[in-house]
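Asks:
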Amino acid sequence: MVRPLGFLVGLGFIAALLCAILTTPLTNEPNASHEFHKHPKHLKLASDGMFPHWDKAQLQRGLQVYKEVCSACHSLHLVAFRDIQDLGYTEGQVKTFAKGFQVPSVNPDTGEPATRDGLPSDYFPGPYANEVAARAANNNALPPDLSLITKAREGGKDYVYSLLTGFQNPPANLPKELRPGPGLHYNPYFANLNLAMAPPLTKGQVTFADGSPNTVEAMAKDVTAFLVWTAEPKLVKRVQVGWAAFLFLLIFTTLTYLSYRNIWADKKH
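All you need for our numbering is the position in the sequence shown, starting with 1, plus 19.
1) What's the gap between the Cα of T115 and the Cα of V122?
2) Just the Cα atoms here: how many angstroms apart are Y180 and K60?
3) Compute the Euclidean distance between the alpha carbons of L203 and L214, then round it to the nearest angstrom.
4) Between the C-alpha atoms of H93 and K195, what's the straight-line distance to the nearest angstrom?
5) Return helix, strand or coil for D105, following the three-state DSSP convention.
6) In three-state terms, what does DSSP make of R135?
7) How many angstroms separate the CA atom of S231 from the CA atom of P190?
8) Determine the closest residue to K240 out of Q77, K118, T226 and P163, with distance taken between C-alpha atoms.
9) What is the residue span of the alpha helix (DSSP H) that Q77 lies within?
10) Roughly how far, in whole angstroms, is the beta-carbon of S66 from the beta-carbon of L254, given that I think they are within contact range, below 8 Å?
11) Check for me: the beta strand (DSSP E) holding V122 runs from which residue to which?
12) For Y208, which three-state DSSP category applies?
Below you can see the structure in the form of structure tokens.
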């Protein structure tokens, strides 16, 4: 006798379910690195909240930290020199700043690759000629572009700040397989605990003209604020436009309701 198709399908489903149950481990042992991995510390910036604004003095310090420290390994390909005028620099200061960088060019006489002084219309040049050169200089790790780093990484600015300030010696109870190997550095805020990047910041490494603190934490906060700006330079303007639109709609709705009450007031009597 031929059994109905539905019965056979149901029997197959039950068999598959039993197989899955029997082959599932009785214990759900987490990855050992999870025990040592830390969640990012919260970083409060002026650009946070419902009424954000840019602390231009802090952004200028962050730009200085990027130029003097981070630019040795990390690019900023999506930011043009002229963009930093929004940080409070004059047109002349922007030209001088751009001139301090050498950007790729071509010799007009020979057609050979060359470099020239940067112009305000140029974008921040990368520190390496290509990916191969970048990996060769960084223990085969590719330093990421920082233009959108606070948007690209889970945790955003909190993650970036925590990573910059989180380098430390491995704990004594860290399993051998999780200890940093040659050329790696322990950081509990990184996913697998070990980074090819050495601690980039040291106390007093950058001197600010305004006399601001130059501890590791202070410099990390400044450069993180700057990277929040590079990732979303129109953030403050966008929020302001949003509030203006909300206020307009609120006033329009109120006037519409009052008009409705006025028009229909006589109709109810």
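All C-beta atoms, glycine included, are put in the ideal place defined by N, C-alpha and C.
Replies: Concretely, from the data shown:
1) A direct Cα-to-Cα measurement between T115 and V122 gives close to 14 Å.
2) 8 Å
3) 5 Å
4) 31 Å
5) helix
6) strand
7) 33 Å
8) Q77
9) K75 to E87 is the extent of the alpha helix (DSSP H) around Q77.
10) Yes, S66 and L254 are in contact; Cβ-Cβ is about 6 Å, under 8 Å.
11) Q121 to V125
12) coil
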